[in-house]
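Enquirer: Sharing a structure, written as structure tokens. Questions coming.
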Amino acid sequence: METTTLRERKKAQTRTSLWRTAISLFVEHGYDNVSITQIAAAADVSKMTFFNYFPSKEELVVGPMAEHTEELAETVRTRAPGESPVDALHRHFLDGLSRRDPVTGLCDKPEVLAVQRLIHETPALMHRALVILYSAEEALAKELGPGFRAQAAAAMITGARNTLVLENTARLLAGETSDTVYSIAVQNANEAFELLRSGL
Numbered sequence: 003m004e005t006t007t008l009r010e011r012k013k014a015q016t017r018t019s020l021w022r023t024a025i026s027l028f029v030e031h032g033y034d035n036v037s038i039t040q041i042a043a044a045a046d047v048s049k050m051t052f053f054n055y056f057p058s059k060e061e062l063v064v065g066p067m068a069e070h071t072e073e074l075a076e077t078v079r080t081r082a083p084g085e086s087p088v089d090a091l092h093r094h095f096l097d098g099l100s101r102r103d104p105v106t107g108l109c110d111k112p113e114v115l116a117v118q119r120l121i122h123e124t125p126a127l128m129h130r131a132l133v134i135l136y137s138a139e140e141a142l143a144k145e146l147g148p149g150f151r152a153q154a155a156a157a158m159i160t161g162a163r164n165t166l167v168l169e170n171t172a173r174l175l176a177g178e179t180s181d182t183v184y185s186i187a188v189q190n191a192n193e194a195f196e197l198l199r200s201g202l
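When the letters of the sequence shown are read in order and numbered with our numbering, they come out as residues 3 to 202.
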């Protein structure tokens with residue numbers, strides 16, 4: 003058991019080291035100007051080791067986003083009895099804001115902002131991010147039910163949510179702090195979800 007724990011800890015350390023090294027290189031030289039070979043060399047591992055942890059440069063940057071693909075659907079699926087999907091997602095988003103969860107756009111940790119800036123400035127990363135967001139929308143639509151109505155509802159919900167995230171991110175990238183933006187973010191979220199409830 004101890005050997006397994008140590009192995010897992012070392013794997014996690016290697017993964018974190020590769021991620022931090024890559025982000026640092028991307029920020030300094032530009033995403034398109036840094037190769038996987040350069041990342042591996044800077045992290046003092048082999049190129050093969052890089053691929054053991056990340057299938058590509060793109061996945062290294064946006065991979066954490068993909069881990070949240072089912073989050074909206076799961077929130078609806080596990081909502082309290084009598085709670086509407088919109089109410090559940092509203093509660094979930096406000097909770098994320100209070101925790102400064104990066105998925106809400108309200109996290110001003112330097113490494114998170116560096117990744118956000120990279121995604122916004124790199125077309126390939128932005129495209130991959132949009133694909134992930136669409137996958138989350140599809141998962142939510144399936145949870146809401148069959149047919150066009152569920153698809154339209156999921157599109158409206160995720161559209162409103164993505165707008166909130168982009169607004170929060172833009173403010174932080176412009177130099178505001180998460181604590182300063184928090185009350186504005188909560189107000190925007192309340193307004194957006196009320197619009198969803200009222201059907202615009």
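All C-beta atoms in this analysis are idealised placements derived from N, C-alpha and C, irrespective of residue type, glycine included. Here the structure is a predicted model, which is why all the values come from computation and not from measurement.
Give, in chain order, every unbroken run of the beta strand (DSSP E) that is at least 3 residues long and sits entirely within the segment 88 to 142.
Expert: none
Enquirer: Label N54 either buried or exposed according to how many other C-beta atoms from any shown protein chain fall within 10 Å of its C-beta, with 16 as the threshold for buried.
Expert: exposed
Enquirer: Please report how far the alpha carbon of D46 lies from the alpha carbon of K144, in whole angstroms.
Expert: 44 Å
Enquirer: Please determine, among I121, P148, A42 and R163, the residue with the shortest C-alpha to C-alpha distance to N190.
Expert: R163
Enquirer: Would you decide whether T7 is buried or exposed? Buried here means 16 or more other CB atoms lie within 10 Å of its CB.
Expert: Answer is exposed; the Cβ neighbour count stays below 16.
Enquirer: Near V117, which residues of its chain fall below 7 Å by C-beta distance, leaving aside the five closest residues on each side in sequence?
Expert: I25 and V63
Enquirer: Since R199 is in the alpha helix (DSSP H), which residue starts that stretch and which ends it?
Expert: Residues S180 to S200.
Enquirer: Give the range of the alpha helix (DSSP H) segment to which P66 is assigned.
Expert: K59 to A68
Enquirer: Between L99 and the rest of its own chain, which residues show a CB-CB distance below 7 Å, the 5 nearest in sequence each way excluded?
Expert: Hits under 7 Å: T106, L108, Y184, A187, V188 and A191.
Enquirer: Count the other CB atoms, across all protein chains shown, that sit within 10 Å of the CB of Y136; report buried if there are 16 or more and exposed otherwise.
Expert: exposed
Enquirer: What is the residue span of the alpha helix (DSSP H) that G161 lies within?
Expert: F150 to L175
Enquirer: Closest to A154 by CA distance: which of V167, M128 and E140 is it?
Expert: Looking at the Cα atoms, E140 is the closest of the given residues.
Enquirer: Look up D34 in the DSSP assignment and say whether it is helix, strand or coil.
Expert: helix
Enquirer: Determine contact between the segment 16 to 25 and the segment 34 to 50, defined as no fewer than three beta-carbon pairs at a distance below 8 Å.
Expert: yes
Enquirer: Determine the DSSP secondary structure at S26, reduced to helix, strand or coil.
Expert: helix
Enquirer: With 16 other CB atoms within 10 Å as the buried threshold, where does R199 fall?
Expert: exposed
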